[in-house]
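Taking it in order: structure first as structure tokens, then the write-up.
Protein chains in written order, with this note's numbering: chain A, 1 to 291; chain B, 292 to 629.
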């Protein structure tokens, strides 16, 4: 037990040695704090859905930042409120979509690799079919069919988001499958499912965890682009892409609407950057091949 | 000889063929042997002669492109006819296996104890605590110092010899009737080899199990085996008890292998080796498969493959010209005495 602990400590120390890892982690913690404190920073109106940005004004024209609305107003909505509560939406999209789609990919990939033969053939061809459809187009069509709303966007992203993990885990398992400890476990009469769960997955899961952390950031961008294109979250939803989509009508007059692009844009960039730095750091720290 | 007893494991005309992209590979091509209770059967041969495929056939652990024919009976069960769940009950519980590479045969992410307990919990239906205690006892039995501490360590914290001991503990944890040891000492250095063989012998005395010792090392065979199967290119070329085989080899291949062992008692400038290499399994020579490398080869050997015949009681040889080996032996003896 003590050996495990010191090894873990060593890993942590190695992780924080790199300034970029530190930066990523600090950014991420900052976002987590904002997401947790959202009701304190921007208390929603009693009884209203907190993810709906309250309407600040009925005038359509954007209003520059002021004391009441520190990030300005666009489409009649307070941008500051949208950015703060948008952090929650971003975590929701990123974590839920990447976790569920990865679990699906994990199950499909491991069954495919472990059993091989025609099972593998069929599952991988299905994966190929899903991969051959352009992701953004597929997600747009899905949301048009399912209807507007962030939950629908998440469903669409999950349906078209599991293939990469499935392929990754399949490749890793094919490699681990030929390891002698798998044969040794079989020779002891251990049943198949137990060999997958106990002997193969723990030896192959790590690259997937790194992938998940890297994907969380990019998923938020994808969701935002769907919102921007008008097939994502419903209007007025506290989501960075939705705020950006309001600025679409004022793009020719940047001097009047710059704040509607800048604040949600910066939030998005920092969010993606944070996850990428953390993902990179995890890989550098834990992947023995990178040393 | 144990011929009065009933064999525990009987392999009859076992043929394991692989369908590959290049054609049919006859890795094991009609071998037969018996394993009696409590004895050690040695299977010797060069790499690629089919000895490991033979053991994996018994365990039914081959890839799906393998085709296994013949008969393997364990006690009264015909192994090749069992269902997969029935087979799983035999694996580990009745027939266990230890592997060549102790470095890779243990899962790096679990403790040694974890891996031993897994089989105990599965086959013997023990609780976690009981299994843990049994794992510690097993580790003590295989001579690992401080077993209560070692049981919670990871494979990378153990040395090669210790890992092989842990592997043996794992294989013996369910008290199997037959232990298949596939080159258990090849990856270890010589002093550790001797310790491991010693350990296996003493555990055999204690548990009364049979061992199938698969190796390319005749030294190992001399140390532990009661009877020996010599394999070449997927076939048995000689089958006898160990004393007979070492004193009175009849097949040119066995004779060559014995000659290739370095000797300390005579002056040797160069070590003897059998010329040539093992033939390509996709393209075995016609006739006797050893004829391409045999110094006694005659026309007849190139035409038709000899049968495995019983030249003396319980001594089987697959060769037309066993007397040539006799002449050679006599010559060697004369040379030594001169």
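Each residue gets a CB set at the ideal place from its N, CA and C atoms; glycine is no exception.
Asked, Found
"Are the Cβ atoms of residue 113 of chain A and residue 183 of chain A separated by less than 8 Å?", "no"
"In chain order, what residues of the same chain have a beta carbon less than 6 Å from the beta carbon of residue 333 of chain B, not counting five sequence neighbours either side?", "504, 512, 516, 519"
"Taking 8 Å as the threshold (beta carbon to beta carbon), is residue 365 of chain B in contact with chain D?", "Checking the listed chains, one finds no chain D in this structure; the protein chains it contains are A and B."
"Identify the continuous beta strand (DSSP E) that holds residue 532 of chain B and give its terminal residues.", "526-532"
"Do residue 455 of chain B and residue 475 of chain B come within 8 Å of each other at the CB atom, strictly closer than that value?", "yes"
"Determine the DSSP secondary structure at residue 612 of chain B, reduced to helix, strand or coil.", "coil"
"Can you give the Cα-Cα distance for residue 46 of chain A and residue 257 of chain A, rounded to whole angstroms?", "30 Å"
"Residue 355 of chain B versus chain A: which residues are under 8 Å apart at the beta carbon?", "116, 117"
"By alpha-carbon positions, which one of A/188, A/209, A/115, A/232 ends up nearest to residue 385 of chain B?", "A/188"
"Let's test the definition: count the other Cβ atoms within 10 Å of the Cβ of residue 338 of chain B and tell me whether it reaches 16, buried, or not, exposed.", "exposed"
"For residue 193 of chain A, count neighbouring Cβ atoms within 10 angstroms of its own Cβ and tell me buried if that reaches 16, exposed if not.", "exposed"
"Compare the Cα-Cα distances from residue 308 of chain B to each of B/499, B/301, B/526 and report the closest residue.", "B/526"
"Does DSSP classify residue 337 of chain B as helix, strand or coil?", "coil"
"Please name the residues in the region 177-205 of chain A whose beta-carbon is closer than 7 Å to at least one beta-carbon of chain B, in chain order.", "179, 180, 181, 183, 184, 186, 187, 188, 189, 190, 191, 199, 202, 203"
"In whole angstroms, what separates the C-alpha of residue 356 of chain B from that of residue 311 of chain B?", "7 Å"
"How is residue 584 of chain B classed by DSSP in three states: helix, strand or coil?", "coil"
"When you measure from the CB of residue 78 of chain A to every non-hydrogen atom of the ligand SAH, does any distance come out below 7 Å?", "With respect to the ligand SAH, the structure offers nothing, as it holds no ligand at all."
"Taking 8 Å as the cut-off, decide whether the C-beta atoms of residue 166 of chain A and residue 100 of chain A are in contact.", "no"
"Per DSSP, which one or two residues make a beta bridge with residue 78 of chain A?", "A/73"
"Is there a Cβ from chain A that is less than 8 Å from the Cβ of residue 414 of chain B?", "yes"
"For a cutoff of 8 Å on Cβ pairs, would you count residue 387 of chain B as touching chain A?", "yes"
"At 7 Å on the CB atoms, spell out the chain A contacts of residue 426 of chain B, in chain order.", "Chain A residues near residue 426 of chain B: none, gap ~13 Å exceeds 7 Å."
"Pull up the distance between the alpha-carbon of residue 118 of chain A and that of residue 13 of chain A, whole angstroms please.", "46 Å"
"Kindly indicate which three-state DSSP category residue 200 of chain A falls into: helix, strand or coil?", "helix"
"Along the chain, where does the beta strand (DSSP E) containing residue 272 of chain B start, and where does it finish?", "No answer is possible for residue 272 of chain B: it lies beyond the span of chain B, which begins at 292 and ends at 629."
"What separation, rounded to the nearest whole angstrom, lies between the Cα atoms of residue 403 of chain B and residue 448 of chain B?", "10 Å"
"Taking residue 301 of chain B as the reference, which of B/352, B/358, B/313, B/367 has the closest Cα?", "B/367"
"Using a C-beta to C-beta distance shorter than 9 Å, which residues of chain A count as neighbours of residue 380 of chain B?", "189"
"Alpha carbon to alpha carbon, how far is residue 104 of chain A from residue 487 of chain B?", "46 Å"
"For residue 322 of chain B and residue 509 of chain B, what's the separation of their Cα atoms in angstroms?", "20 Å"
"If you measure beta-carbon to beta-carbon, which residues of the region 329-356 of chain B are closer than 7 Å to chain A?", "350, 352, 355"
"Looking only at C-alpha atoms, which of A/93, A/30, A/8 sits nearest to residue 274 of chain A?", "A/30"
"Using a 10 Å radius around the Cβ and a threshold of 16 neighbouring Cβ atoms, would you call residue 211 of chain A buried or exposed?", "buried"
"Mind listing, in chain order, the continuous alpha helix (DSSP H) runs of no fewer than 4 residues lying wholly within the region 342-407 of chain B?", "342-350, 375-381"
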